[in-house]
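**Student:**
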Amino acid sequence: MRRRAKIFTPTSAIFLVALLFLAGWAVPTLIMRYRAASQLREDGFLYFDHRLVAGNPGIPSVKVSARVNISRRTLAAITLLQPRYVTVQGSSTITNLNFLAPLKSVETIDIESCPALEDVGGIRNLVSLQMLILDDCPGVHSIDIFSRLQSLHRLSLESCSNLRDLRALQQMPSLEQLYLSDCGALTTLDELPVLPKLRTLKLAGCKHLQDIRGVTRLPALEDLDLTDCVELQDVSVLFSLKSLERIYLSGCTNVPSAQIRRLTVALPSAEISADKPATVPGAE
376 MRRRAKIFTP TSAIFLVALL FLAGWAVPTL IMRYRAASQL REDGFLYFDH
426 RLVAGNPGIP SVKVSARVNI SRRTLAAITL LQPRYVTVQG SSTITNLNFL
476 APLKSVETID IESCPALEDV GGIRNLVSLQ MLILDDCPGV HSIDIFSRLQ
526 SLHRLSLESC SNLRDLRALQ QMPSLEQLYL SDCGALTTLD ELPVLPKLRT
576 LKLAGCKHLQ DIRGVTRLPA LEDLDLTDCV ELQDVSVLFS LKSLERIYLS
626 GCTNVPSAQI RRLTVALPSA EISADKPATV PGAE
């Protein structure tokens, strides 16, 4: 008489227990995530970027955007979803970024036009962060808190009108793009450290910028925008920056025409944009 094969073995029992355990953990988690996503959709905050999702299977990659006041319920949902991309724009109530602290996998944070924002300490330990945008946030005075963000490739602090201190940049060796346009409090780049990979530096509209000697510590710099830096009078430090490919000097009305001419000779391959610089007798 043939012996029937055992249907229920110790191995299958272990597998079944493990499956039940995972189901007991995963199902409630999925339900909570679904509810969080549904809630954000109802509030008009959530947008799935399918390109990001395809590039990161198994990890929710979402774009959260808000132009209205953000409730605690919304912030809790963002934390639960663990997005890789967070955008908050035009919020008049956000004063800190503490709600971002739990987002250990976030790679891009885009915060714009948040006039009440002052405390950005919530992102100090987000070591996976590669792109940080904090544009038009006048309450941001210093970037010292960002010293641990050593994976940053792009940092934008445009229209942060009270920003003065740039020393923390020395802790960002991977930085390739730095946007500081319309930072009216910047008068000098003396505190700009050596940034070996920085290729783009935007300083357009920094109306009180007078000293740019710090750019000599950027050996890979290709793109320099000094448009409308109206108090700038001396760009001679650029003569030796052979890596430069594009220089924008339009609106720099106090830069001597002699220096513009010398710049075109010193960097013959660079694209130089300048409009009617002032002629200062004897300026070289």
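Counted the way the numbering used here counts, the sequence shown spans residues 376 to 659.
Just so you know, even glycine gets a beta-carbon here, dropped at the ideal spot from N, CA and C.
Computed from a predicted structure; not experimentally measured.
With distance defined between alpha-carbon atoms, name the residue in Ile498, Val515, Val481 nearest to Pro490.
**Tutor:** Looking at the Cα atoms, Val515 is the closest of the given residues.
**Student:** Which same chain residues, not among the five before or five after Glu606, have their C-beta less than 6 Å away from its C-beta?
**Tutor:** Contacts found: His583, Gln585.
**Student:** On the criterion of 16 or more Cβ atoms from any shown chain inside 10 Å, does Gly580 qualify as buried, or is it exposed?
**Tutor:** Counting Cβ neighbours within 10 Å, Gly580 comes out buried, since at least 16 surround it.
**Student:** For Arg636, which residues from the same chain have a beta carbon less than 8 Å from its beta carbon, with the 5 sequence-adjacent residues on both sides left out?
**Tutor:** Excluding positions up to five away in sequence, the list is empty.
**Student:** Measure the C-alpha to C-alpha separation of Val655 and Asn629 and round it to an integer number of angstroms.
**Tutor:** Legend: pLDDT at Val655 = 45, less than 50; position of this residue unreliable, value from coordinates given subsequently. One C-alpha to the other measures close to 9 Å.
**Student:** Let me check understanding here. Comparing Cα to Cα, which of Ile498, Leu564, Asp650 lies closest to Asp519?
**Tutor:** With distances taken between Cα atoms, Asp519 lies closest to Ile498.
**Student:** With distance defined between alpha-carbon atoms, name the residue in Cys604, Leu573, Phe474 nearest to Val590.
**Tutor:** Closest by alpha carbon: Leu573.
**Student:** So, helix, strand or coil for Thr562, using DSSP?
**Tutor:** Coil, per DSSP.
**Student:** Are there 16 or more other CB atoms within 10 angstroms of the CB of Pro458, so buried, or fewer, so exposed?
**Tutor:** Pro458 should be labelled buried.
**Student:** In chain order, what residues of the same chain lie with their CB nearer than 8 Å to the CB of Leu478, ignoring the 5 residues before and after it?
**Tutor:** Cβ within range, chain order: Ile453, Thr454, Gln457, Pro458, Val461, Leu501.
**Student:** Quick one: using the 10 Å Cβ neighbour count with 16 as the cut-off for buried, is Gly626 buried or exposed?
**Tutor:** Counting Cβ neighbours within 10 Å, Gly626 comes out buried, since at least 16 surround it.
**Student:** Output yes or no for whether 7 Å exceeds the beta carbon distance between Glu487 and Gln505.
**Tutor:** No, Cβ-Cβ distance for Glu487 and Gln505 is not below 7 Å.
**Student:** Closest to Gln464 by C-alpha separation, out of Ile508, Ser648, Tyr554, Leu599, would be which residue?
**Tutor:** Checked all of Ile508, Ser648, Tyr554, Leu599; the closest Cα to Gln464 is Ile508.
**Student:** On the DSSP bridge assignment, give the partners of Ser611 in chain order.
**Tutor:** Looking at the DSSP assignment, Ser611 forms no beta bridge with any residue, so it has no partner.
**Student:** Taking just the CA atoms, how far does Ser615 sit from Pro568?
**Tutor:** Their backbone Cα atoms lie some 18 Å apart in a straight line.
**Student:** Take Glu331 as the anchor and find which of Lys577, Val610, Arg588 has the nearest alpha-carbon.
**Tutor:** It is not possible to answer for residue 331, since the shown part of the chain is limited to 376 through 659.
**Student:** Of the residues Pro631, Leu619, Tyr554, which one's Cα is nearest the Cα of Ile647?
**Tutor:** Comparing Cα positions, the closest option is Leu619.
**Student:** Could you tell me whether the Cβ atoms of Ser556 and Ser526 are closer together than 7 Å?
**Tutor:** Not closer than 7 Å, so no.
**Student:** Just to confirm my understanding: we take Arg529, look at its own chain, exclude 5 residues before and 5 after, and list those with CB closer than 6 Å. What are they?
**Tutor:** If we look at Arg529 and ignore the five residues flanking it on each side, its Cβ neighbours are Met506, Gln552.
**Student:** According to the neighbour-count rule (16 or more other Cβ atoms, all chains shown, within 10 Å of its Cβ), is Pro631 buried or exposed?
**Tutor:** Answer is buried; the Cβ neighbour count reaches 16.
**Student:** Could you check what DSSP says for Arg637 in three-state terms: helix, strand or coil?
**Tutor:** Three-state result, Arg637: helix.
**Student:** Rounded to whole angstroms, what's the CA-CA distance from Leu596 to Leu624? Just pull it up for me.
**Tutor:** Straight-line Cα distance between these residues: approximately 16 Å.
**Student:** Hey, Thr468 and Asp494 are a contact pair by Cβ (cut 8 Å); roughly how many whole angstroms apart?
**Tutor:** In fact, because the Cβ distance is near 13 Å, the residues do not count as touching under 8 Å.
**Student:** Just to confirm before moving on: does the CB-CB distance between Ala560 and Leu538 stay below 7 Å?
**Tutor:** It is a contact, given that the beta carbons lie within the stated cut-off.
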